[in-house]
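Counting along the sequence shown from 1, when you hit position 92 you're at 92 in the UniProt record's numbering, and nothing is skipped either side.
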Amino acid sequence: MAKPRLYWDAEVGDFPEWIYDPNDRTRWHQLTIPDGWYVYTMFGVSRPALYIGMTGHLYRRLAQHARSKPWWTEVDHIIVGLAESREAAHEWERRYIRRANPVYNLERYGAI
1 MAKPRLYWDA
11 EVGDFPEWIY
21 DPNDRTRWHQ
31 LTIPDGWYVY
41 TMFGVSRPAL
51 YIGMTGHLYR
61 RLAQHARSKP
71 WWTEVDHIIV
81 GLAESREAAH
91 EWERRYIRRA
101 NPVYNLERYG
111 AI
């Protein structure tokens, strides 16, 4: 299976200089990602959001999902945004989950 494509979400932050060439979506795993807090949304080919999360270690967290989640094979692309702080990432995650109601999020902020 091909690695999911990774896109930058300009809504969370400005488009960074370090991001890959948008015409070449095959090399995202080779990016040098700066430290920070990220919010990510995983999408299937023809489905709504599958999962929304936040992390301080983007590649580590994506690798954890790839190893442990049976639904990982459904992921076609991932939209990622860099937040200004942990608190900002948490707020974006809450908003995205409430808005998108992702299929595989066990905790939905609107329900707790």
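Glycine included, each C-beta is placed from N, C-alpha and C at the ideal position. This one's a predicted model, so the numbers in the text were calculated from it and none came from an experiment.
Query	Result
Terminal residues of the continuous alpha helix (DSSP H) containing Tyr96?	86-100
Tell me the rounded alpha-carbon separation between Gly56 and Ala88.	12 Å
With burial defined as no fewer than 16 other Cβ atoms inside 10 Å of the residue's Cβ, what is the status of Glu93: buried or exposed?	buried
Please determine, among Arg86, Ala66, Glu84, Ser85, the residue with the shortest C-alpha to C-alpha distance to His77.	Ala66
By the three-class DSSP mapping on this structure, what secondary structure does Leu58 have?	helix
Tell me, which residues are paired with Thr41 by DSSP?	Ile52, Ile79
Considering only residues of the same chain and omitting the five flanking positions on each side of Tyr104, which have a CB-CB separation below 7 Å?	Leu50, Tyr51, Trp71
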